Amino acid sequence: KGIFPIDKFRTLQTPFYYYDTKVLRDNFAINQEVAKYPSYSVHYAVKANANPKVLTIIRESGMGADCVSGGEIRAAVRAGFPANKIVLLESESGWEINLGLEYGIFCFNVESIPELEVINELAAAQNKIANVAFRINPDVGAHTHANITTGLAENKFGISMQDMDRVIDVALEMKNVKFIGLHFHIGSQILDMAISSLFVTG
Numbered sequence: 003k004g005i006f007p008i009d010k011f012r013t014l015q016t017p018f019y020y021y022d023t024k025v026l027r028d029n030f031a032i033n034q035e036v037a038k039y040p041s042y043s044v045h046y047a048v049k050a051n052a053n054p055k056v057l058t059i060i061r062e063s064g065m066g067a068d069c070v071s072g073g074e075i076r077a078a079v080r081a082g083f084p085a086n087k088i089v090l091l092e093s094e095s096g097w098e099i100n101l102g103l104e105y106g107i108f109c110f111n112v113e114s115i116p117e118l119e120v121i122n123e124l125a126a127a128q129n130k131i132a133n134v135a136f137r138i139n140p141d142v143g144a145h146t147h148a149n150i151t152t153g154l155a156e157n158k159f160g161i162s163m164q165d166m167d168r169v170i171d172v173a174l175e176m177k178n179v180k181f182i183g184l185h186f187h188i189g190s191q192i193l194d195m196a197i198s199s200l201f202v203t204g
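Just so you know, we're using the numbering used here here: the sequence shown kicks off at 3 and counts up by one.
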């Protein structure tokens with residue numbers, strides 16, 4: 003009762019959502035730790051909560067935005083995230099890729115050669131070069147619930163380790179994509195966060 007305003011809740015009709023922005027801001031301590039490493043940045047998964055006020059607070063903290071749809075890109079932009087801090091994951095839809103290209107987002111995370119080919123073609127049509135990172139499936143378990151593991155070979159997410167070199171070679175031959183790094187996502191709900199990394203090349 004000392005933390006949440008229970009008494010005020012009694013007068014509200016349901017459903018409603020209560021966001022404790024102090025708890026949210028307390029979690030921004032991770033930014034101070036990451037600031038020690040200039041080549042690292044923290045991106046918030048917009049799919050977790052796209053509430054405009056929440057996104058604005060997160061953007062004000064200096065974090066970037068991880069998006070999985072065109073709607074999430076628009077929500078991030080409306081909340082003031084700069085385009086160079088927005089990443090699009092699972093970019094399978096042409097209009098979403100075009101939207102990302104139009105905004106000039108930082109990177110597209112790619113899971114297959116066909117997806118890469120679409121990005122290259124659409125970038126060429128806009129006379130742009132799209133930064134891409136490859137989502138690699140490292141065949142590593144996250145010791146989380148079996149239904150939400152994403153990094154095992156049996157999960158079929160991402161590019162297998164044995165195919166990685168070939169896919170990178172394909173990207174290097176394309177004129178309208180620039181390969182900048184590798185992306186890994188091995189599971190969710192590990193210490194209440196997704197284990198997701200982008201290692202950017204030189």
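In this text, a Cβ means the ideal position worked out from N, Cα and C, and glycines have one as well. Predicted model only: the values in this text are computed from it and were never measured.
* Asked: So the beta strand (DSSP E) N139 belongs to, where does it begin and stop?
  -> 132-139
* With a threshold of 16 other CB atoms inside 10 Å of the CB of I32, please say whether the residue is buried or exposed. => exposed
* Asked: Nearest-angstrom Cα distance between K49 and Q15?
  -> 25 Å
* **Paired residues, beta bridge with N111 - DSSP** => L91, A135
* Asked: Can at least three beta-carbon pairs, one atom from the stretch 163-170 and one from the stretch 119-131, be found at a separation below 8 Å?
  -> no
* Buried or exposed: which applies to Q186, given that a residue is buried once 16 or more other Cβ atoms fall within 10 Å of its Cβ? -> According to the sequence displayed, residue 186 carries Phe and not Gln. Per the 10 Å Cβ criterion, buried.
* **C-alpha distance - P116 paired with L26, whole-angstrom precision** => 39 Å
* **Nearest candidate by alpha-carbon position, reference E104, set A85, P140, Q34** => A85
* To the nearest whole angstrom, what separates the beta carbons of V56 and Y21, a pair I think is in contact under 8 Å? -> 6 Å
* To do: State yes or no: is the C-beta of V112 within less than 7 Å of the C-beta of L91?
  => no
* Whole-angstrom distance between A173 and K24, CA atom to CA atom -> 44 Å
* For Y19, the three-state DSSP class (helix, strand or coil) -> coil
* To the nearest angstrom, how far is it from the Cα of I88 to the Cα of K10? -> 37 Å
* **Outcome for E156 when other beta-carbon atoms lying within 10 angstroms are tallied against a minimum of 16** => Only weak support is given to the placement of E156: the predicted model assigns it a pLDDT of 43, under 50, and the question is left unresolved by the model.
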